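In the working numbering, the protein residues as written are 397 to 792.
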């Protein structure tokens with residue numbers, strides 16, 4: 397029995413070690429110049445094939461599996477899209493993989509058109525898109541072609557029927573930080589959430605998490621995202637103070653504005669944040685958030701990845717770009733048993749032992765959402781420190 401229970405922990409430990417080793421690999425490359433084109437191959441050149449098959453006028457790469465990366469490479473989200481594209485290139489170089497060929501497609505002019513072009517050019521797997529609406533446009537097109545979609549969205553409503561969500565799901569982060577707070581003896585909770593789809597889902601997750609932890613939500617206030625709006629929500633909470641902890645389901649700017657007001661009626665309340673804080677560079681520098689807790693994917697490997705990224709591309713990566721790197725690690729692992737030219741083995745995505753990468757261990761549930769091993773971080777001074785490490789094995 398002990399051997400059986402130890403197996404998942406050994407598997408995850410081995411996967412995390414592999415991810416760390418890949419990041420340590422020193423691979424030199426030339427920093428790309430100029431804008432990324434709408435369709436760009438990012439894989440190393442394949443061995444020469446003298447007589448390639450031809451289908452519908454397009455050469456078929458018989459040596460490698462075709463993977464499409466659908467991200468915004470122009471428009472307002474081009475920065476994060478290019479960072480994701482660079483991350484996938486970096487992962488291919490670090491793994492020295494010769495079995496996978498990744499081609500970039502710009503979703504800004506239209507995600508559906510990008511998907512159709514990718515499929516016409518032989519894509520057997522789609523990484524991306526980034527935005528939930530783009531996933532909704534791409535998923536039925538890919539499903540009709542029997543091609544899975546590994547999206548970078550955090551909107552769990554787009555998962556299912558061949559579409560998977562790699563992004564950081566708010567509900568998981570809220571459950572983790574509430575559970576940690578309850579373990580510290582906190583049972584009386586308040587919540588501040590914006591009037592938006594994210595806020596609605598955060599509210600549901602918060603209520604469920606507190607109930608599961610055996611606590612009680614005594615006040616849950618919503619507010620419009622506008623100048624000073626959160627102050628009114630804090631004032632409405634005052635009649636129910638004091639609170640053991642208050643969850644602020646918003647970024648650092650709004651949280652920083654709310655906390656001094658909360659302290660007036662509840663001086664010792666513990667501030668809790670969501671997964672939004674993990675990618676918000678303003679969190680550590682917000683003095684009022686000192687001592688606050690939030691759940692996050694582990695950052696140890698990410699820091700090393702960010703250094704390697706800056707060395708190769710001359711700029712800092714977007715925090716979300718690690719999803720691109722980890723998606724390639726997943727594909728490379730599965731590619732060992734994925735014969736070039738064959739259908740992507742989608743069943744391998746549901747490996748119960750999970751996968752590992754920069755953001756730690758994760759696995760896909762039956763709903764197609766990535767279940768992640770999260771740690772709890774505390775804002776301390778001008779940085780964040782881990783106060784509760786990520787678990788070492790998935791719950792069965």
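No residue lacks a Cβ here, since even glycine has one placed at the ideal position from N, Cα and C. From a predicted model like this one, the values you see are computed outputs, not experimental measurements.
If you draw a straight line from the alpha carbon of residue i to that of residue j, how long is it in whole angstroms?
i           : j           : result
residue 585 : residue 655 : 15 Å
residue 601 : residue 592 : 14 Å
residue 741 : residue 778 : 45 Å
residue 634 : residue 675 : 30 Å
residue 581 : residue 569 : 19 Å
residue 536 : residue 463 : 18 Å
residue 712 : residue 754 : 16 Å
residue 414 : residue 752 : With a pLDDT of only 49 at residue 414, under the threshold of 50, the placement of this residue in the model should not be trusted; the figure read from the coordinates follows. Cα to Cα, residue 414 sits roughly 8 Å from residue 752.
residue 643 : residue 476 : 28 Å
residue 556 : residue 658 : 40 Å
residue 664 : residue 523 : 45 Å
residue 620 : residue 589 : 9 Å
residue 782 : residue 761 : 26 Å
residue 440 : residue 630 : In this predicted model, residue 440 has a pLDDT of only 49, less than 50, meaning its place in the structure is not dependable; the value taken from the coordinates is given anyway. Approximately 55 Å, taken between the alpha carbons.
residue 518 : residue 500 : 13 Å
residue 577 : residue 583 : 8 Å
residue 492 : residue 728 : 10 Å
residue 791 : residue 471 : 41 Å
What residues match up with residue i in a beta bridge as DSSP calls it?
i           : result
residue 522 : 464 and 545
residue 498 : 463
residue 753 : 756
residue 781 : 774
residue 738 : Its beta-bridge partners do not exist; DSSP assigns none.
residue 806 : The requested residue 806 is not part of the displayed model; the chain covers only 397 to 792.
residue 613 : 585
residue 559 : 545 and 556
residue 767 : 759
Do the CB positions of residue i and residue j come within less than 8 Å of each other?
i           : j           : result
residue 498 : residue 465 : yes
residue 833 : residue 531 : Nothing in the structure corresponds to residue 833, since the chain is present only between 397 and 792.
residue 614 : residue 648 : no
residue 702 : residue 496 : no
residue 516 : residue 534 : no
residue 662 : residue 638 : yes
Contiguous beta strand (DSSP E) assignments of at least 3 residues, all confined to the stretch 641 to 680: 641 to 644 and 666 to 669
Under 8 Å, with one C-beta from each stretch per pair, do the stretch 537 to 544 and the stretch 483 to 494 reach the 3-pair mark? no
So does the stretch 640 to 652 actually touch the stretch 669 to 685, counting three or more Cβ pairs closer than 8 Å? In short, these stretches touch, since the Cβ pair count reaches three.
Stretch pair the stretch 559 to 575 + the stretch 752 to 771: three plus CB contacts closer than 8 Å: The stretch 559 to 575 makes contact with the stretch 752 to 771: 3 or more CB pairs, one atom from each, lie closer than 8 Å.
What runs of the alpha helix (DSSP H), each 4 residues or longer, lie entirely inside the stretch 700 to 734? 717 to 731
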